[in-house]
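Student:
In the working numbering, the protein residues as written are 97 to 207.
#1: Take residue 206 as the anchor and find which of 164, 174 and 120 has the nearest alpha-carbon.
#2: Going by other Cβ atoms of all chains shown within 10 Å of its Cβ, with 16 needed for buried, is residue 129 buried or exposed?
#3: Out of 184, 167 and 150, which one is the CA nearest neighbour of residue 159?
#4: Going by the beta-carbon positions, is the gap between residue 187 and residue 139 smaller than 7 Å?
#5: Work out the CA separation of residue 174 and residue 184 for me, nearest whole Å.
#6: At the level of alpha carbons, what is the spacing between residue 169 and residue 189?
#7: By how many angstroms is the C-alpha of residue 196 removed from the C-alpha of residue 136?
#8: Does residue 110 come out as helix, strand or coil in the three-state DSSP assignment?
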């Protein structure tokens, strides 16, 4: 009986929990992808590749991109940096959403 009560209580807690803010935002993304340290570059590369994987199977924050299989990491990085430079107003979104939008603009589906 205690086990069932704990399960029900956990479910209720999850239902009423507020959505946590994104762990990674534009400031982090720009720092990682433009800063000169190897640690920052490693974080940027990891994030870009993870975003590519996520977009290969589903939409991310309502955005779909069709990244070609033969795309290089340099092309992914360039797509993001150029997109961020031309969209300074896109500050309140998650980093994953920003990367998704950058990739969708550079690698749209159906074209």
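No residue lacks a Cβ here, since even glycine has one placed at the ideal position from N, Cα and C.
Source: prediction; values computed, not measured.
Tutor: Straight from the coordinates:
#1: The closest CA to that of residue 206, considering only 164, 174 and 120, is found on 164.
#2: With 16 or more other Cβ atoms within 10 Å, it is buried.
#3: Checked all of 184, 167 and 150; the closest Cα to residue 159 is 150.
#4: The answer is no: Cβ separation not under 7 Å.
#5: When rounded, the distance between both Cα atoms is 16 Å.
#6: Counting only the Cα atoms, residue 189 lies some 23 Å from residue 169.
#7: Within the model, the alpha-carbon separation for residue 136 versus residue 196 is close to 20 Å.
#8: A caution first: residue 110 carries a pLDDT of 40, below 50, which makes its placement in the model unreliable, though a value can still be read off. In this structure, residue 110 counts as helix in the three-state DSSP scheme.
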